[in-house]
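Chains P and L are the protein sequences, given in the same order.
For the first sequence, our numbering assigns the number 818 to the initial residue and increments by one for each residue that follows.
For the second sequence, our numbering assigns the number 12 to the initial residue and increments by one for each residue that follows.
First comes the structure, then the notes that go with it.
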Amino acid sequence: MSYLTDAPIDSQELVKRVMRRSDGACVVFEGVVRDHQQGKRVESIFYDAYRPMAEKEIARIIDDISVRFPDVAPAVIHRLGLLKVGEASIVIACSSPHRGEAFEACRAIIDRFKQTVPIWKKERGPGGEEWVGWQK
Amino acid sequence: MRVRLLYFAVLRDITGKSEDVVELPEGTRAQEIWNRLRAQHHELAGYERPPMTAVNESYVPAEQTLRDGDEVAFIPPVAGG
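So this is what it looks like as structure tokens:
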């Protein structure tokens with residue numbers, strides 16, 4: 818199973834994948850392309866990845882989260898390619914018997930994701946384009 | 012020995028290619044490849060060390076000694092999510 822896709826993400830499919838009859842909560846996080854960044858207008862974002870390594874790093878995060886929150890069933894998909902404002906770049910779903918750990922696990926996944934997974938984004942707007950995080 | 016270099020994101024834009032195969036003396040460290048890239052591309056002048064380094068799809072220190080057949084990628088600041 819791949820954690821990366823080139824197509825729009827179906828978050829309901831992700832919810833169905835994680836929900837069990839014993840679950841009383843499902844937290845879904847969607848990361849969405851917004852129309853601005855640090856005062857500049859953004860029209861689209863191009864996402865690039867070192868695909869095989871990104872798959873491995875995401876699998877590692879999911880494994881760690883499953884150890885830390887044994888009652889949580891987590892799922893994540895990240896989209897690559899050119900995304901327009903309002904489109905989801907990442908969807909994370911965490912189901913659990915109770916809401917507390919579902920919220921915590923979801924938050925922990927997105928926070929780790931942003932630190933280690935080799936995915937990059939190039940923001941495009943009226944003023945040009947630039948790779949986020951790269952200091953010229 | 013022969014090593015495969017992969018370029019992603021800003022590094023692909025700067026170098027104008029997505030990969031390279033290079034002949035290197037035994038015992039070469041990843042940092043030495045980065046030093047070479049810096050010498051060739053002024054855009055990298057501000058980065059004395061690579062932001063992060065991966066060998067065979069795992070993060071390693073830039074001081075890592077490379078082996079024949081390794082796949083090396085310098086990882087610009089990640090921005091997923």
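Backbone N, C-alpha and C fix where the C-beta goes; we use that ideal spot for every residue, glycine too.
* Just to confirm, are residue 836(P) and residue 912(P) a CB contact at a threshold of 8 Å? -> For the purposes of this step, residue 836(P) is identified with residue 19 of the first sequence, where counting begins at 1. For the purposes of this step, residue 912(P) is identified with residue 95 of the first sequence, where counting begins at 1. For residue 836(P) and residue 912(P), yes; Cβs fall inside 8 Å.
* If you run the structure through DSSP and keep just helix, strand and coil, what is residue 872(P)? -> In the first sequence, the residue the question calls residue 872(P) occupies position 55. It is helical.
* Asked: Which of the residues in the stretch 71-92 of chain L, read from start to end, lie with their CB under 7 Å from any CB of chain P?
  -> 84, 86, 87, 88, 89, 90, 91 and 92
* Using the beta-carbon count (16 or more within 10 Å), is residue 830(P) buried or exposed? -> Sequence index remark: in the first sequence, residue 830(P) carries index 13 (1-based). Residue 830(P) should be labelled exposed.
* Cβ-based neighbour list, residue 904(P), same chain, cut-off 8 Å, excluding 5 preceding and 5 following -> As a working mapping, residue 904(P) is identified with position 87 in the first sequence. Excluding residues within five positions, the ones whose Cβ falls inside 8 Å are 825, 849, 850 and 896.
* Rounded to the nearest angstrom, how far is the Cβ of residue 864(P) from that of residue 900(P), given a contact under 8 Å? -> Your numbering for residue 864(P) matches position 47 in the first sequence. Your numbering for residue 900(P) matches position 83 in the first sequence. Indeed they touch by this definition, with Cβ atoms about 7 Å apart.
* Asked: If we call anything under 8 Å between Cβ atoms a contact, is residue 930(P) one with residue 894(P)?
  -> Residue 930(P) sits at position 113 when you count from the first residue of the first sequence. Residue 894(P) sits at position 77 when you count from the first residue of the first sequence. For residue 930(P) and residue 894(P), no; Cβs fall outside 8 Å.
* Return the residue from the list 65(L), 28(L) and 69(L) that minimises the CA-CA distance to residue 42(L). => By 1-based counting over the second sequence, the position of residue 42(L) is 31. If we check each option's Cα against that of residue 42(L), 65(L) comes out closest.
* **residue 27(L) versus 52(L), 63(L), 84(L) and 12(L), residue with shortest Cα-Cα distance** => Position 16 of the second sequence, counted from the first residue, corresponds to residue 27(L). Here the closest residue by C-alpha is 52(L).
* Scan the stretch 851-927 of chain P and note each continuous alpha helix (DSSP H) run of 4 residues or more that stays entirely inside, going in chain order. => Along the stretch 851-927 of chain P, the alpha helix (DSSP H) occurs as fully enclosed runs of 4 or more residues at 868-885, listed in sequence order.
* To do: Please confirm if residue 34(L) has its CB atom under 8 Å from at least one CB of chain P.
  => For this step, residue 34(L) is matched to residue 23 along the second sequence. Output row for residue 34(L): interface = no.
* **CB contact check: residue 895(P) to chain L, cutoff 8 Å** => Here residue 895(P) is taken as the residue at index 78 of the first sequence, counted from 1. Residue 895(P) counts as touching chain L.
* **Secondary structure of residue 44(L), DSSP reduced to three states** => Taking the first residue of the second sequence as position 1, residue 44(L) is located at position 33. Under the three-state reduction of DSSP output, residue 44(L) falls in the helix class.
* Closer than 8 Å at the beta carbon, the chain L residues around residue 856(P) -> On the first sequence, residue 856(P) is found 39 positions in, with the first residue counted as 1. Simply none; closest approach about 18 Å.
* Own chain partners of residue 892(P) with C-beta closer than 6 Å, once the 5 adjacent residues on each side are dropped -> Here residue 892(P) refers to the residue found at position 75 when the first sequence is read from its first residue. 831, 834, 835 and 910, listed in sequence order.
* To do: Pick out whichever of 45(L), 50(L) and 88(L) has its Cα sitting closest to the Cα of residue 76(L).
  => Position 65 of the second sequence holds residue 76(L). Measuring from the Cα of residue 76(L), the nearest candidate turns out to be 45(L).
* Asked: Counting only beta-carbon atoms, is residue 21(L) nearer than 8 Å to chain P?
  -> Within the second sequence, numbered from 1, the residue matching residue 21(L) stands at position 10. Yes, residue 21(L) counts as interfacial toward chain P.
* Asked: Of the choices 839(P), 946(P), 942(P) and 820(P), whose alpha-carbon is the least far from that of residue 859(P)?
  -> Working through the first sequence from its first residue, we reach residue 859(P) at position 42. For the residues 839(P), 946(P), 942(P) and 820(P), the minimum Cα distance to residue 859(P) belongs to 942(P).
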